[in-house]
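Keeping their order, the protein sequence lines are chains F and W. Quick note on numbering: the working numbering labels position 70 of the first sequence as 375, and the sequence is numbered without any gaps. Quick note on numbering: the working numbering labels position 158 of the second sequence as 463, and the sequence is numbered without any gaps. The next block holds one structure in the form of structure tokens; read it before the comments.
Protein chains: 2
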Amino acid sequence: MPLQFASRLDNVETSAIRELFKLLGKPGIISFAGGFPDSAMFDIDGLKQAADEALTHESGGALQYGATEGYEPLRTQLADFMQAKGVAGVESNHLIVTTGSQQALDLLGKTMISPGDKVIVEGPTFLATIQCFRLYGAELISAPIDADGVQVNQLEQLIVQHKPKFVYLIPTFGNPSGALLSLERRRQILELAVKYQTLVVEDDPYGDLYFGAPPPPSILALTKEMPAAREWIAHCGSMSKVLSPGLRVGWLIAQPELLAKATMCKQFSDAHTSTFAQATAARYLKSGRMPETLKIVRKAYGARAHAMGEALKKHLGGAIEFTQPQGGLFFWARLTGAGGGIQDAAEFAKRAIEQGVAFVPGTPFYAANPDPSTLRLSFATANVEKIEEGVGRLGRAL
Amino acid sequence: MPLQFASRLDNVETSAIRELFKLLGKPGIISFAGGFPDSAMFDIDGLKQAADEALTHESGGALQYGATEGYEPLRTQLADFMQAKGVAGVESNHLIVTTGSQQALDLLGKTMISPGDKVIVEGPTFLATIQCFRLYGAELISAPIDADGVQVNQLEQLIVQHKPKFVYLIPTFGNPSGALLSLERRRQILELAVKYQTLVVEDDPYGDLYFGAPPPPSILALTKEMPAAREWIAHCGSMSKVLSPGLRVGWLIAQPELLAKATMCKQFSDAHTSTFAQATAARYLKSGRMPETLKIVRKAYGARAHAMGEALKKHLGGAIEFTQPQGGLFFWARLTGAGGGIQDAAEFAKRAIEQGVAFVPGTPFYAANPDPSTLRLSFATANVEKIEEGVGRLGRAL
């Protein structure tokens with residue numbers, strides 16, 4: 306008799322991506338597949354100093370069990386970090402530290418979703434969000450997006466129709482879309498949250514990665530224009546894309562009751578996030594090196610995004626369409642089929658692997674009604690030279 | 306309209322402990338309440354060196370996203386560590402790294418428990434296990450224990466009656482019981498697992514903390530005597546009690562299919578455990594300092610356990626009964642009511658706080674049928690002097 310696993314596992318399907326990632330081991334492959342930041346950009350000296358200081362000056366705190374809510378010096382630094390990004394009045398006890406922002410999603414699922422509950426997400430949205438919420442039994446509803454982010458009129462209709470437990474958005478340089486929700490739409494989202502008393506989760510791992518002008522304020526920051534909306538907005542932040550994913554330091558800001566329930570769930574998920582990593586992150590933020598680190602990261606990714614856009618135009622021309630991203634880590638593109646070219650991104654991905662370049666086809670990013678001609682290209686991991694070479698290979702794979 | 310939380314939260318009750326822990330902030334209190342290791346025993350120099358080496362020699366790995374299964378150098382070290390503890394043939398791919406062993410419990414819950422499923426636990430058992438499994442909808446069945454651990458005849462009857470999804474045991478210096486499952490019973494457990502094709506989860510955070518002779522081999526190690534049982538045993542390990550809880554490094558050993566499903570669940574729980582903490586732990590284990598660290602820790606806790614036992618006899622005499630623990634961090638005791646003394650541990654806890662000493666009453670450790678005269682005393686956090694002073698206060702509180 307084999308083991309009987311929990312029925313919630315029946316809701317999850319991960320094989321498509323797993324199969325693709327197996328192929329990435331092929332020697333010489335250029336990968337546009339992952340959303341990994343470039344290791345060459347990590348501020349190793351700064352982190353080494355931060356870790357050493359933490360173990361020297363607060364070894365008790367850094368190595369002992371800690372509060373489930375998070376290590377207080379880090380919570381204070383993160384509150385300051387969010388205030389500096391325009392979120393008025395945020396204090397350390399308005400946030401909890403999570404084991405990466407993936408855990409913030411998991412805790413929202415655990416805290417909020419009963420089996421059969423509906424959750425509205427963008428179509429397309431972050432793959433691991435889809436699976437995470439489905440493991441808690443969510444029925445996902447897909448709201449369409451364009452280059453300005455989620456289409457608010459359609460979102461409103463879906464809220465009315467489905468009465469979701471919450472709405473999940475990646476408003477700033479979305480994954481996989483790269484889209485930037487306009488300021489006008491952000492304000493409309495706040496109105497919807499209040500009008501329908503609906504929780505809106507703003508996942509914001511990429512907001513600091515802008516290449517030109519800064520993006521509009523986060524939806525959370527905009528609640529200062531509409532204080533009644535504050536209790537309906539939850540916000541997930543992360544150090545992963547700007548400092549180091551290996552630390553696994555994210556955070557969740559939400560109204561007190563939700564935060565208390567999420568903390569209780571976290572207690573039984575992992576007790577607390579590594580205090581060793583938290584104390585190191587706190588020392589790093591306190592050191593004042595973050596603004597310079599962000600400048601370096603923005604500049605490098607900006608150059609890569611530019612190079613990828615130019616190379617796509619040069620090597621794929623009319624066969625592909627996309628909006629040049631203004632920040633983040635991703636191009637979201639659509640195969641046009643122009644000139645009788647290939648229009649199925651999964652098939653294109655196979656041919657691309659044969660040419661030595663990898664990307665993720667768009668279908669798995671949709672909770673419903675996938676557009677099979679879409680694909681995601683990450684410019685995070687490869688440098689400009691590799692990007693040009695890799696896009697050249699894409700051209701040959703067409 | 307307030308937020309509607311997930312129905313799974315209705316299964317959890319944490320207020321009793323929370324209220325108690327609030328009182329711990331009182332100045333001058335001596336705490337026998339928590340299971341925190343003593344910060345004074347952390348090998349700070351060893352960990353500082355390990356962290357520095359990890360950031361110097363493998364900064365890419367230590368700061369980048371990592372495999373959900375765990376950082377390979379750590380998995381290799383942990384496999385060696387388990388082999389040295391008598392688990393034959395364990396290789397790095399037989400285990401996954403978890404964010405503390407609390408996450409191993411959470412992943413077992415997520416992977417195995419459908420709402421309404423039954424799980425057998427010891428009565429009493431680890432508090433956070435009870436809540437963790439209930440959040441996944443488990444109905445917990447309580448199997449009685451004595452000083453030799455779970456009573457196997459009764460366990461067998463409960464397995465037959467309830468057909469549980471799995472059995473959860475802390476066989477070695479259990480929390481809160483301090484009990485040590487005898488070698489004979491360990492072998493009987495293996496027989497039950499095979500006979501009833503029932504998964505047995507062995508949670509083993511305390512096995513290395515023995516004061517005299519080493520305990521019998523772990524249930525997992527004993528599978529070498531009965532290879533057919535290997536697939537029915539899952540084993541949770543942890544660095545928290547022997548090296549540092551702040552690292553949040555635990556591990557789960559299980560048969561391949563269960564491990565694969567747990568890995569999938571972990572992917573959507575926190576993506577992976579901090580590679581920064583994992584690389585540091587791997588370097589530490591590789592440094593060869595662990596055996597000396599274990600010697601120091603065993604000696605210190607042994608002295609504390611001895612002091613607590615003597616003080617209890619001296620100050621509480623016949624009013625309390627207990628078995629002297631041979632390892633771990635806890636005394637499990639029962640108020641006898643001798644001489645008309647207090648017999649309700651919750652009431653005794655209140656009086657003790659007034660005298661400046663804290664412990665946890667036993668009731669919350671039972672999934673069912675609590676014995677209200679029981680209590681747990683930890684000798685982990687306070688040194689010998691404080692233990693004698695604290696137990697004196699307990700005597701005055703009687």
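Quick reminder that beta carbons are idealized off the backbone N, C-alpha and C, glycines included.
Short CB-CB distance (under 7 Å) between residue i and chain F
i: G622/W; result: no
i: P550/W; result: yes
i: Q466/W; result: no
i: G667/W; result: no
i: E600/W; result: Sequence inspection shows Lys at residue 600/W; the Glu mentioned does not correspond to that position. K600/W does not count as touching chain F.
i: T404/W; result: yes
i: I349/W; result: yes
i: A582/W; result: yes
i: G593/W; result: no
i: D411/W; result: yes
i: A433/W; result: yes
Alpha-carbon spacing of residue i relative to residue j, whole angstroms
i: V457/W; j: P469/W; result: 15 Å
i: A443/W; j: G339/W; result: 26 Å
i: K353/F; j: L368/F; result: 16 Å
i: A359/W; j: L474/F; result: 36 Å
i: A702/W; j: R681/W; result: 16 Å
i: R313/F; j: H611/W; result: 48 Å
i: A650/F; j: F438/F; result: 26 Å
i: A265/F; j: E690/F; result: The first residue shown for chain F is 306 and the last is 703, placing residue 265/F beyond what the model contains.
i: V271/W; j: L527/F; result: Limits of chain W in this structure are 306 at one end and 703 at the other, which puts residue 271/W out of reach.
i: L463/F; j: A672/W; result: 42 Å
i: I658/F; j: I334/F; result: 8 Å
i: L432/W; j: R656/W; result: 23 Å
i: G593/W; j: E496/F; result: 60 Å
i: Q631/W; j: D451/W; result: 14 Å
i: G700/W; j: G642/W; result: 13 Å
i: G394/W; j: Q388/W; result: 7 Å
i: E615/W; j: T403/F; result: 43 Å
i: Q560/W; j: R535/W; result: 8 Å
i: G414/F; j: M569/W; result: 16 Å
i: L412/F; j: N674/W; result: 31 Å
i: F581/F; j: S364/F; result: 9 Å
Residue span of the beta strand (DSSP E) that contains residue i, given as start and end
i: R313/W; result: First-last for R313/W: undefined, no H or E at that position.
i: A448/W; result: 444-451
i: G551/W; result: Taken as a continuous stretch (DSSP letters only), G551/W belongs to no beta strand (DSSP E), as it is neither H nor E.
Neighbourhood of residue i by C-beta, 7 Å cutoff - its chain only, sequence neighbours within 5 removed
i: F386/F; result: L590
i: S549/F; result: F347, L352
i: L525/F; result: V392, E507, I538, H540, I558
i: M417/W; result: K470, F471
i: Y515/F; result: R603, Q631, G632
i: G695/W; result: I335, F337, V662, A687
i: P342/F; result: K546, P550, A685
Beta-carbon proximity list for residue i, same chain, < 6 Å, skipping 5 on both sides
i: T598/F; result: D348
i: H577/F; result: G371, T373
Proximal residues to residue i (C-beta, below 8 Å), its chain only, five neighbours per side dropped
i: A467/F; result: A quick correction: the sequence has His, not Ala, at residue 467/F. Closer than 8 Å at the Cβ level, and outside the excluded window around H467/F, lie K423, I425, I446.
i: P294/W; result: Outside the displayed span of chain W (306 to 703) sits residue 294/W, for which this structure offers no information.
i: D453/W; result: A484, L485, L486, S487, R490
Residue-chain proximity (residue i, chain W), Cβ-Cβ < 7 Å
i: M713/F; result: Since the first residue of chain F shown is 306 and the last is 703, residue 713/F is not available in this structure.
i: S523/F; result: no
i: L383/F; result: no
i: I450/F; result: no
i: Y589/F; result: no
i: L546/F; result: In the sequence as displayed, the identity of residue 546/F is Lys instead of Leu. Answer no: the Cβ-Cβ gap between K546/F and chain W never drops below 7 Å.
i: Q369/F; result: yes
i: A355/F; result: no
i: F670/F; result: no
i: K566/F; result: yes
i: Q388/F; result: no
i: R553/F; result: yes
N- and C-terminal bounds of the alpha helix (DSSP H) containing residue i
i: G695/W; result: 689-702
i: Y606/F; result: 595-621
Closer than 6 Å: residue i CB and nearest the ligand FAD heavy atom
i: Q462/W; result: Only the bare structure without any ligand can be found here, which leaves the ligand FAD out of the picture.
Handout entry: Meets three-Cβ-pair contact criterion under 8 Å: the stretch 597-609 of chain W and the stretch 485-495 of chain W
Key = no
Problem - Cβ contact check for the stretch 655-670 of chain F and the stretch 619-627 of chain F: 3 or more pairs under 8 Å - result: no
Practice task
Would you check if the stretch 472-487 of chain F and the stretch 635-650 of chain F touch, i.e. whether three or more CB-CB distances between them fall below 8 Å?
Solution key: Between the stretch 635-650 of chain F and the stretch 472-487 of chain F there are three or more inter-stretch CB-CB distances shorter than 8 Å, so the stretches are counted as touching.
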